[in-house]
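Below is one structure, written out as structure tokens, with a few remarks after it.
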Amino acid sequence: MEHILITDDDMAFRVATRTLLTDAGYTVSLANSGSEALSVMQHADIDLLLSDLRMGGMSGIDLLRQVRQRWPGLPVIMVTGFASIESAVEAMKLGAADYLTKPSNNDELLLKVDRALESSRKNRELAMLREEVRRIYSFGSIVSRSTGMREVILLVKQVANTDVTVLIAGESGTGKELVARALHFNGNRQAGPFVAVNCSAIPENLIESELFGYEKGAFTGATKRRTGKFEEAQAGTLFLDEIGDLAPTVQTKLLRVLQERTFTRVGGNEHISADARIVAATNRNLEVMMHQGDFREDLFYRLNVFPIVLPPLRERLEDIPLLAEHLLERHAELGGGRVRMIAPDVVTAMLNYHWRGNVRELENLIKRAIIKCPGDTLTNIELPAVENRGIPGSPPAEGIGNNTFAPYKEYISAVVRDAEEKYLIRVLRQHRGNVNQVAREMEIDRKTVYRKLTDYAIDPARFRD
Numbered sequence: 003m004e005h006i007l008i009t010d011d012d013m014a015f016r017v018a019t020r021t022l023l024t025d026a027g028y029t030v031s032l033a034n035s036g037s038e039a040l041s042v043m044q045h046a047d048i049d050l051l052l053s054d055l056r057m058g059g060m061s062g063i064d065l066l067r068q069v070r071q072r073w074p075g076l077p078v079i080m081v082t083g084f085a086s087i088e089s090a091v092e093a094m095k096l097g098a099a100d101y102l103t104k105p106s107n108n109d110e111l112l113l114k115v116d117r118a119l120e121s122s123r124k125n126r127e128l129a130m131l132r133e134e135v136r137r138i139y140s141f142g143s144i145v146s147r148s149t150g151m152r153e154v155i156l157l158v159k160q161v162a163n164t165d166v167t168v169l170i171a172g173e174s175g176t177g178k179e180l181v182a183r184a185l186h187f188n189g190n191r192q193a194g195p196f197v198a199v200n201c202s203a204i205p206e207n208l209i210e211s212e213l214f215g216y217e218k219g220a221f222t223g224a225t226k227r228r229t230g231k232f233e234e235a236q237a238g239t240l241f242l243d244e245i246g247d248l249a250p251t252v253q254t255k256l257l258r259v260l261q262e263r264t265f266t267r268v269g270g271n272e273h274i275s276a277d278a279r280i281v282a283a284t285n286r287n288l289e290v291m292m293h294q295g296d297f298r299e300d301l302f303y304r305l306n307v308f309p310i311v312l313p314p315l316r317e318r319l320e321d322i323p324l325l326a327e328h329l330l331e332r333h334a335e336l337g338g339g340r341v342r343m344i345a346p347d348v349v350t351a352m353l354n355y356h357w358r359g360n361v362r363e364l365e366n367l368i369k370r371a372i373i374k375c376p377g378d379t380l381t382n383i384e385l386p387a388v389e390n391r392g393i394p395g396s397p398p399a400e401g402i403g404n405n406t407f408a409p410y411k412e413y414i415s416a417v418v419r420d421a422e423e424k425y426l427i428r429v430l431r432q433h434r435g436n437v438n439q440v441a442r443e444m445e446i447d448r449k450t451v452y453r454k455l456t457d458y459a460i461d462p463a464r465f466r467d
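Numbering-wise, the sequence shown is residues 3 to 467 according to our numbering.
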């Protein structure tokens, strides 16, 4: 039951209004002055303040100012005589939800009280939703203990509270949209909208109108004006996923928007301000595309102001057990909360898998395994047979030289990994496990050497004797 405080030095009005509101189902408290109202609000949870504008001592305007400072979300309805309409308008400018004139109409009073409380409820729900979304996309939601992902999180923290354009690169399924949402909900535009566009999912002939909107009559079927994604993202973030799939004509128009910060709807002449932070993502090598003439060089450099590269799951094997446990907990309801653990040999199998689909593939397989699991422990996960190694109930994968049925790219990848592992061991042996010397020999940085050591489960200490 919502609690309303009536503040008025007119006792007849206080009593009559209390009766009206009590009969309507509200809890009502009374105060005969601004100072008494503040005292009541300090000791009780008030949902709405109904205050006279003209009172002895503290005026309604002064009371409103204090309420806005101390309880900024509390709706206030001011009550005034016809001669004080200007003061009521001033109160609205200071943040009052509405005003009433004396003598008040009972139906109008109840309507305005109901409307103010409904608006307050929606604002509280929206604030709670925003906080929940911000929590979901906080940096802690990026589950990782690997060096590569820790570096990603640091970059996100550094750039989140700016309007700098960010380009996120990584294979499909590595979590590019999760990073984009973390950028938005931890930055200075978190109160604005987050609008995502999958550039590869929209037909080439529709992508321009999807991004910029169109005017009525711009083309056959355009029966009314429609806003585009740039307008929807005003004061927020526009996430352009798979930016490498944009058609050349749209690349040109996107470049113009990034340069001039304005755009026009299809079929229109009005220049509209583009007040959206741009975050783009790609699973393609835009630099290669640029050199091949498939992606504009000037657009690439406009987008690549602050690059973030997400490592594939196969390069962060130490994250797999952590991610698997996190996904098991997140999707526990698929098994009625029954499945709580993952068997060690299943973890071993996952560590030996190539993960072409990255975290998305891991999530899908965990969900499937939960649904099929008869007990409280996952004892089987259906990894594709080509790369099964050590999976319970499955034969081990064949060696590289005999795996003639593997797809070409997988076969080449396996050959390269095998050669790289042997080369790394040879250089470690040559330099007696000295990582600094190994990095110089291989002409890469120490962090990359350590990442490869982790990837191949090699302990450099064993070469130091």
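We treat Cβ as the ideally placed atom computed from N, Cα and C, and that holds for glycine.
Residues near residue i in its chain [Cβ-Cβ closer than 6 angstroms; skip 5 each side]
i, result
"V197", "K231, E234, A235, L240"
"F302", "L288, M292"
"E423", "Y458"
"N34", "D11"
"L96", "L66"
"L169", "A282, L305, N306, P309"
"R362", "G175"
"T19", "I8"
"N405", "Bear in mind that the predicted position of N405 carries a pLDDT of just 41, short of 50, making it unreliable; the figure below should be weighed with that in mind. Closer than 6 angstroms at the Cβ level, and outside the excluded window around N405, lies no residue."
"V451", "V437, V440, A441"
Extent of the continuous alpha helix (DSSP H) run through residue i
i, result
"L256", "250 to 262"
"R183", "178 to 187"
"I204", "Per DSSP, I204 belongs to no alpha helix (DSSP H) and is neither H nor E."
"F266", "Checking the sequence, you will find Thr at residue 266 rather than Phe. Neither: T266 is in no alpha helix (DSSP H) and is coded neither H nor E."
Cβ separation of residue i and residue j, assumed to be a contact under 8 angstroms, to the nearest whole Å
i, j, result
"T225", "G215", "At roughly 14 angstroms, the Cβ-Cβ gap does not stay under 8 angstroms, so T225 and G215 are not in contact."
"A371", "V349", "With 8 angstroms as the limit, A371 and V349 do not qualify as a contact, their Cβ atoms being about 12 angstroms apart."
"V1", "L242", "This structure cannot settle anything about residue 1, because the visible part of the chain is limited to 3 through 467."
"V78", "L66", "6 angstroms"
"L32", "R16", "5 angstroms"
"L319", "V154", "No, L319 and V154 are not in contact; Cβ-Cβ is about 16 angstroms, not under 8 angstroms."
"V279", "D165", "A small correction: the amino acid at residue 279 is Arg; Val does not occupy that position in the sequence shown. Right, their Cβ atoms sit about 5 angstroms apart."
Start-to-end residues for the beta strand (DSSP E) that takes in residue i
i, result
"V197", "196 to 200"
"R279", "279 to 284"
"D10", "Per DSSP, D10 belongs to no beta strand (DSSP E) and is neither H nor E."
"V168", "168 to 171"
"M80", "78 to 82"
Close beta carbons around residue i, own chain, < 7 angstroms, minus the five adjacent residues each side
i, result
"E317", "G150, R453, D457"
"G189", "A162, N163"
"A90", "L55, M80, T82, Y101"
"A237", "R191, G194, D277"
"R431", "F465"
"L257", "R298, D300, L301, R304"
"D64", "G36"
"A26", "L112"
Option in the options with minimal Cα separation from residue i
i, options, result
"A182", "E384, I6, A283, I368", "A283"
"R342", "V440, T266, I368", "I368"
"L330", "Q253, V290, T381", "T381"
"P74", "P195, N125, R279", "N125"
"T254", "R20, L305, L315, E423", "L305"
"A118", "L76, L385, R147", "L76"
"L72", "A98, C201, Q44, A93", "In the sequence as displayed, the identity of residue 72 is Arg instead of Leu. Out of A98, C201, Q44, A93, Q44 has the C-alpha closest to the C-alpha of R72."
"D94", "R70, L111, P105, K104", "Note on identity: in this sequence residue 94 is Met, with Asp being the wrong assignment. Closest by alpha carbon: R70."
"E212", "G219, K218, C201", "C201"
"I245", "R362, R263, L208, N285", "N285"
"M3", "M13, P205, D11, L23", "L23"
"L156", "D165, L185, E179", "L185"
"L324", "I310, V451, E365, P309", "E365"
"V268", "L336, E217, V259, T450", "E217"
"G338", "V42, G377, L353, D25", "G377"
"L336", "E363, I373, I322", "I373"
"A203", "E179, T222, G223, L248", "L248"
"F187", "K159, T167, N207", "K159"
"I460", "S61, L426, S121, T450", "L426"
"G295", "P250, L52, M13, G219", "P250"
"T21", "L111, Q261, R340, A46", "L111"
"S61", "I48, L50, E92, D49", "E92"
Cutoff 8 angstroms; reference residue i; Cβ partners in own chain excluding five residues on either side
i, result
"E38", "T9"
"T266", "F214, E272, H273, I274"
"P394", "Confidence is the limiting factor: at P394 the pLDDT is only 39, short of 50, which leaves the residue's position unreliable, though a coordinate-based value still follows. Answer for P394: A345, D347, V348, A351, T381, N382, listed in chain order."
"P314", "G172, E173, T176, W357, N360"
"Q439", "H433"
"G435", "P462, A463, R464, F465, R466"
"N29", "Before going further, note that residue 29 is Thr rather than Asn in the sequence given. M3, E4, H5, I6, listed in sequence order."
"D447", "A441"
"E443", "V429, Q432, H433"
"G392", "Its pLDDT being 39, under 50, G392 is placed unreliably in this model, and the value from its coordinates should be taken loosely. Correct list, in chain order: D347, T350, A351, N354, P398."
Contiguous beta strand (DSSP E) assignments of at least 3 residues, all confined to the stretch 34 to 71: 50 to 54
What are the uninterrupted segments assigned as alpha helix (DSSP H) that are 4 or more residues long and contained completely in the stretch 292 to 352, given in chain order? 299 to 305, 322 to 332
Going residue by residue through the stretch 420 to 460, where are the continuous beta strand (DSSP E) segments of at least 3 residues, counting only ones entirely within it? none
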